[in-house]
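Residue numbers (my numbering): 680 to 1014.
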């Protein structure tokens, strides 16, 4: 009997690569998304599709997962978005009771990665990479409001401490904009992190680590064009031993399990500043697959106890995402 994998949020950028690889490996692949199937191309690529409730509605979402997993004897659950990973943090015990393997890193690792401020404070003293120091926006407001924010060094970047996909990211160029941001912030929930802006190009690195064999593989790419949500659409895949050594060290101290992605700013050639770890597949994981390394397949291997493949030789190459129209209701319906 084929092993069953449930992949969530299959309307996301990484879904096609993930579903395609698991189908090629002979798995029975189920997919879910909050939108109806006729809105989601990947709904025609899975063996069975389910429309899911919002992951932020925890009781409904957990009941949905329980039902789908029980009815289909799901063995592996692969979430593709941060909001679902946050919800699954509280569902670990029930998943284990159902015999479902959550294909994500451990609870402590994810909690650390999802708080950008804590992550920077954790990594900085270890000196495994260059980090960008950050301060709480709330504390800056408390300290600098009376001074009119005139003595801060600009430009600055504001981002939610637990943000995702560049949502809520703001660039602050002067004290006037900071005053406006402070007024806006007083009406918001949650805290923001304030960091100095480091000019440069974004480098995303797909990283997969098997903690049992202590093996890590990483593949970087410079993202020349990106969507407003931070997904690369025109990239250059390359290898660099220095950067890959840094990624190996970061993955080890964070105790990463499976595939995640790190983001850096490359200020100048071979000078990288660590931005964040997204504890899931990157939106551009298909680029790594095209370049020659099976990130989705090796991710699953980390949860099956069979080790991961070595990287092999990867040549530097430009890769570009292409969008196509698709007629729903018949497979192979590009127009």
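For every residue, glycine included, the Cβ atom is placed at its ideal position computed from N, Cα and C.
Counting along the chain, residue 711 sits inside the beta strand (DSSP E) bounded by residues 707–712.
According to DSSP, residue pairing for residue 887 in a beta bridge involves 896, 938. If you ignore the 5 residues before and after residue 734, its C-beta comes within less than 6 Å of the C-beta of 740, 762, 763, 766, all in its own chain and listed in chain order.
820 is the residue among 719, 878, 820 whose C-alpha sits nearest the C-alpha of residue 859.
Of the residues assessed, residue 692 falls on the buried side of the cut-off, its CB having 16 or more other CB atoms within 10 angstroms. In the DSSP assignment, residue 867 falls outside any beta strand (DSSP E), carrying neither H nor E. Note: residue 838 is bridge-paired with 872 in the DSSP secondary-structure output. DSSP, reduced to helix, strand and coil, places residue 956 within a strand of the structure shown.
Taking 8 Å as the cut-off, the Cβ atoms of residue 938 and residue 884 do not count as close.
Linking residue 878 to residue 774 through their CA atoms gives a straight-line distance of about 43 Å.
DSSP places residue 966 in no beta strand (DSSP E) but in the uninterrupted alpha helix (DSSP H) bounded by 964–970. Secondary-structure assignment with DSSP links residue 849 through a beta bridge to 837. Per DSSP, reduced to three states, the secondary structure at residue 720 is helical.
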